[in-house]
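Residue numbers (this note's numbering): 37 to 255.
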C-alpha cells in the first residue's frame with residue numbers, strides 16, 4: 037500500500053515545538069520596529085493563542101498588528117522570520133510514536149512525504165526532528181500547498197490504484213480533500229490546529245497519534 041504523509045503536525049509537532057519559537061521571534065522584530073505591545077509576555081501569549089485559531093501564522097500576525105493600528109505591510113516585514121533557519125541546537129519534536137511507526141511501516145508499505153511550504157525549511161525541520169529521509173520512497177514539497185498534482189504523480193509513479201493509497205494529514209482542505217477527490221483513503225491526524233476539526237462522514241478514520249494508524253491499515 038502507498039501511504040502519503042504530511043509533515044507539519046502529522047509527523048512533527050510544529051504547533052508545539054516550532055511555532056511558539058517563531059512567533060516569539062516575530063514579536064521581537066515587531067516590537068523593534070515600533071509596535072507598542074506593553075507587556076511583552078502577555079502579548080506573546082495572546083499571539084500564540086490566536087495562532088491556534090487561525091488557518092495560517094501569517095494571518096495571525098497580520099490580524100495581531102491591526103489591533104495596534106498597523107497595516108498588512110507592517111506585518112509583512114517580519115513574515116520571512118517564519119521560514120528562516122532554526123538555531124543550530126534547536127530540536128524539533130515529533131508527534132507521538134512517529135519514528136517508531138515509520139520504521140515499522142517502511143518494511144511492508146511504500147511511504148512518501150508530501151509537505152507544503154518553503155522547501156529548505158521543510159527539509160531542515162525533518163532533519164532536526166531526526167527523521168531519516170531514506171524512509172520515504174519519494175519526498176515532494178508544494179510551495180503553494182496544492183497537493184493534488186503530487187498525489188496524482190505518486191499514484192502513477194508507483195502504479196497504485198487510488199483506493200490502495202492512504203493520505204494521512206492534519207489539514208482537511210489541504211491534505212485530505214484532494215485525496216478524497218482522487219478516490220484515495222483519508223486519515224485525519226488530530227494534532228495542532230487539527231485537534232479542533234470534527235470528523236467528517238467521508239473521512240475513513242481520525243487518529244490522535246500515529247500508532248493508531250497501524251490498526252487502520254489492517255482493516
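The beta carbon of each residue, even a glycine, is placed where N, CA and C say it ideally should be.
>> Distance check for residue 126 and residue 175, CA to CA, integer angstroms please.
In response: 23 Å
> Based on the DSSP secondary-structure assignment, which residues constitute the bridge partners of residue 221?
Replying inline: 202
> Do you know how far the Cα of residue 171 is from the Cα of residue 90?
Replying inline: 32 Å
> Do you know offhand how far residue 39's Cα is from residue 110's?
Replying inline: 41 Å
> What does residue 197 pair with, by DSSP beta-bridge criteria?
Replying inline: Bridge partners of residue 197: none, in fact.
> Rounded C-beta distance between residue 150 and residue 42? I'm assuming under 8 Å.
Replying inline: 7 Å
> Do the segment 63-75 and the segment 185-202 touch if we need at least three Cβ pairs shorter than 8 Å?
Replying inline: no
> Excluding sequence positions up to five away, which residues of its chain have a Cβ less than 7 Å from the Cβ of residue 50?
Replying inline: 44, 228
>> Considering just the uninterrupted stretch of the alpha helix (DSSP H) at residue 251, what are its terminal residues?
In response: 247-253
>> Does residue 87 pass the burial test, meaning 16 or more other C-beta atoms within 10 Å, or should it be called exposed?
In response: buried
>> Going by beta-carbon coordinates alone, are residue 96 and residue 206 separated by less than 7 Å?
In response: no
> Do the segment 139-153 and the segment 176-184 make contact, defined as three or more Cβ pairs closer than 8 Å?
Replying inline: yes
> Which runs of the alpha helix (DSSP H) spanning at least 4 residues fall entirely within the segment 84-110, listed in chain order?
Replying inline: 93-102
> Using 8 Å as the threshold, is the segment 56-64 in touch with the segment 233-244, meaning 3 or more CB pairs across them?
Replying inline: no
> What is the DSSP secondary structure of residue 52, counted as helix, strand or coil?
Replying inline: helix
>> Is it buried or exposed, residue 148, if we count other Cβ atoms within 10 angstroms and call 16 or more buried?
In response: buried
> Where does the unbroken beta strand (DSSP E) through residue 47 begin, and where does it stop?
Replying inline: Where residue 47 is concerned, there is no enclosing beta strand (DSSP E), given that its DSSP letter is neither H nor E.
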